[in-house]
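Notes follow once the structure below has been shown.
Numbering (our numbering), first residue to last: 1196 to 2329.
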């Protein structure tokens, strides 16, 4: 270092060091403040200080301002820089590769990576002077004296009461009287200096200098500072970093001057912040010991003109280490020690107030400090080796420090050598590093000791603590111990402990101000509510999308989206002696409806049981409708190959994947929200098969009980019989891509009807009605359960898997259920009236068979006690599809951008409020169809995002911002919705936790294959329409490897493709078929009661004799409403 000393810049200007610093806004760890309180400082816990953080803050980030940790409307503007280099995104992605989350590090948890926020306003620094003083500059009762240095606080030696201040200005000495208090806020260096000059300090030290002592106090002791390693420079092979010659270009200056944007707005080059854990801390405590400052540049970025001087580096040192890469593109990271054990001291140099004090930081006096920082350096180097940085050719500057050349690079002693060499404290050489071999551990240790960099956060020199703490200077109200009188009247706003930005609020109470601020949640009353939210985006996106992780965090913290105050789900199982009138098993689509309707009678006690967790926040976002598939929220069933040889899903050896929701809302939280009743004739066939009361006209009432359509005519031509709407809002998405109208125009050109397909007029194309409200997915749990969240006679048990229904062998009646709770404990829940299964077409038959209700021979083979021999699991059928890949001439920019997220947060509109072109569907008739009853439905995919990486405008599907493809992929999925093939479901073992054996038997009836082939041909005709020619719609010749020998477009090709890449549409049905006792294939009667066991009912898609020829969600809701009505009739109110 220059002259063997470290630089300690401190602001000497209105605004102090907030005018000099890098503007980073960080609050510190909650545990730090809690420790303050534990050490005898009441009202200083993290909970207490949060109010003052928020009081000062005006956070401009629309994501963060909605969380409980941030606020808007304060004086201090906080936001991200409006400009970022690609390296900033790489930094966050690199952290995720290393297992850290992209999170708000000023929020609930600190450990993680984040794009830096700073105290800036419209691209320029927002110092405390700008934020707090300028708005008050015209106040008559406020005077600001500049160029005035305080030389002492005037304290009466006997009463020990402060009565004024002495200061020097223009070579004159002034004394000003204070009637009430003197507040010292000179910082961690000047405040203790002023106190000692005033006679308040260590007795022996004051006597040495001949200063009359007023109060013996440990002023100047407990000095601490954050210290880090400078000079960790990593070269990149692209011109993407902050280099001075580009910063001073005309373009950059004009961007800043006119737009308040561009590279000059970056926070001193710091673009990212991370808090990480070394081996010396317990990572589970969220109490990291290293902070990383990520800089999109380095010491070399200005050619050695200024940064070198700020860091106090000798020119010879700069030329040796950075000369070869001077002005080149680099990035750097400064690992910073968060909780140093070493303590320093500040003393007076003389009793002359204009002499600088003596500052002894004593960096690395405690060996643990350098050991911890060495680990931080190794984490920093590991960061450079991640894929995120390697794509920029990231490589550590290999020029070794002059004093560290003989120590092996990348060893602990080398890092230590660097730290001690690049030092910002007084440099006390401990010998050079020349004696160390350059391949030994000693090299890095030497390196650290030679390149130590203070982060300029000196604190602690007027320590806060109780009177019993001999090292404390001020009490918890910041008053000096021992200065008494009519009132304690010297109050401090100094560096009491860690971290930066010290502010005083209107009550003169010191509070440490940093990043984070909550919004005012009073409008929705949810500020104090929480629920266990399942976050799954990191799994969906493979941990590669920092943007998506941020979106998830923001959405989950938004009370109006997460709706935490109205959640009913609880993990605590009922008491073993607790009885319920009704136990409803499965809280998917049907369960919440039945639980709501049954608990409308206050005298009944109802339990709703769900195997999964509460409905997550993110499933509410339509634009992310399908992201929860294949996560922990999905049962993720696998089917068995057709015997004796596979007939479908041949690419995966005959095994198909069947997503099924495992959460409150069930599969209703996974699907595309399309609401179509289906053709009336399907229900009429149910009735004709021996199920009275199930014809379409008789069921219309129950459809209407659930529905609240924006326009009744979108669902039925008949006037509504019910005056009031039901809980389920049915409407169109407020957003649609332009291409949706193009699809409809093309369909019209082919002669199809293009709107309001319903009842007996179902054939054609349309934009489908959706179960959505206020721009969010509307599940039955949200619509039926949350409005009654305070209901005392309804309990919702989550994370509890029902394994069997308990049946009395003599009475042939159910009296309860057995379940496994969240802790793996087996629990029995007793039931007095009925058990209602609403676990779906897989879950309900699985539970029945495990309970001894099913095919006698199958159960006997597994040793399951048999109560009723019924064809449970038979009649399994499903809609089945195949993907027809297409493309159009359109640059495929991601539809989900930062702007789209902002729009959604502000108004619940835009791309995130819809599912892209999936809102378009078609119902078509094959040559096998009964006239007017479609047997083909077509779904479309496109214009939606799954895992955008940056959120930037014009992002390509691969995460790049430039060189996007010129064609956008579109997928059409013709689907057989009146299938003849029938499958079967069996128990895998007598262990109820084992998944069942599922045999869908796709295409065992050739007719289904032929219908699907006709569907492909019908949809292919879109290519030749005038509307599609404008978009250059093409069939993409993607193919399964199994079909490579077939000529594209032939029947043989498509039949191969259908069998190879089969698409189950997840509309499984029929496994507990409804029918009369004379029907050998029936499991439940027309009252949905299991044949022979009258108090077990099944009310979900498993009872469908034939699945409706459309999305089955509407039919499931109808079944639930009808089931609740039948149960209420059987158990009249008391």
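We treat Cβ as the ideally placed atom computed from N, Cα and C, and that holds for glycine.
| Query | Result |
| --- | --- |
| Continuous beta strand (DSSP E) stretch holding residue 1531: start and end | 1525 to 1532 |
| Residue from 2055, 1276, 1844 and 1867 whose Cα sits closest to the Cα of residue 2238 | 1844 |
| Three-state secondary structure assigned by DSSP to residue 1298 | coil |
| The stretch 1518 to 1532 / the stretch 1472 to 1490 touching (three or more Cβ pairs under 8 Å) | yes |
| Residue(s) in a DSSP beta bridge with residue 1467 | 1310 and 1489 |
| Spatial distance of residue 1916 from residue 1910 (CA atoms) | 13 Å |
| Element boundaries [beta strand (DSSP E), containing residue 1897] | Element bounds for residue 1897: not the beta strand (DSSP E) but the alpha helix (DSSP H), 1891 to 1901. |
| Strand pairing of residue 1777, partner residues [DSSP] | 1801 and 2029 |
| Alpha helix (DSSP H) segment containing residue 1247, residue limits | 1241 to 1251 |
| Beta carbon of residue 1851 nearer than 8 Å to that of residue 2259 | yes |
| Own chain partners of residue 2252 with C-beta closer than 7 Å, once the 5 adjacent residues on each side are dropped | 2077, 2234, 2235 and 2238 |
| Under 8 Å between C-beta atoms of residue 1544 and residue 1552 | yes |
| For residue 1306 and residue 1470, the rounded distance between their alpha carbons | 5 Å |
| Opposing strand residues paired with residue 2009 [DSSP bridges] | 2002 |
| Residue 1863 vs residue 1856 beta-carbon contact at 8 Å | yes |
| Integer-rounded CB distance, given that residue 2207 should sit under 8 Å from residue 2172 | Wrong, their Cβ atoms sit about 11 Å apart, outside the cutoff. |
| Where residue 1610 sits in the DSSP three-state scheme | helix |
| Beta-carbon proximity check, residue 1409 vs residue 1339, cutoff 8 Å | no |
| Buried versus exposed, by CB contacts within 10 Å (16 or more), residue 1452 | exposed |
| Reduced DSSP secondary structure (H/G/I, E/B, other) of residue 2194 | strand |
| Contact under 8 Å by Cβ, residue 1210 with residue 1311 | no |
| Residue 2246 versus residue 2093: straight-line alpha-carbon distance, rounded | 45 Å |
| Through-space distance from residue 1981 to residue 1446, alpha-carbon basis | 54 Å |
| Helix, strand or coil at residue 2290 [DSSP, three-state] | strand |
| Among 1404, 1504, 1558 and 2066, the one whose alpha carbon lies nearest that of residue 1540 | 1558 |
| Nearest-angstrom beta carbon gap, residue 2048 and residue 2285 [assumed within contact, 8 Å] | 6 Å |
| Distance, residue 2240 Cα to residue 2024 Cα | 58 Å |
| Contact check, residue 2350 vs residue 1424, beta carbons under 8 Å | Here the chain covers residues 1196 to 2329 and nothing more, so residue 2350 does not appear. |
| Classification of residue 2029 by the beta-carbon crowding that lies within 10 angstroms, buried from 16 upward | buried |
| Cβ contact check for the stretch 1941 to 1958 and the stretch 2215 to 2224: 3 or more pairs under 8 Å | yes |
| Given 8 Å, three or more beta-carbon pairs between the stretch 1804 to 1817 and the stretch 1728 to 1739 | yes |
| Cα-Cα separation, residue 1277 to residue 1403 | 54 Å |
| Option nearest residue 1368 by Cα separation, candidates 1374, 1360 and 1375 | 1360 |
| Beta-carbon proximity check, residue 2268 vs residue 1897, cutoff 8 Å | no |
| Distance between beta carbons of residue 2040 and residue 2297, contact taken as under 8 Å | 6 Å |
| Span of the beta strand (DSSP E), counted from its first residue to its last, around residue 2259 | 2257 to 2259 |
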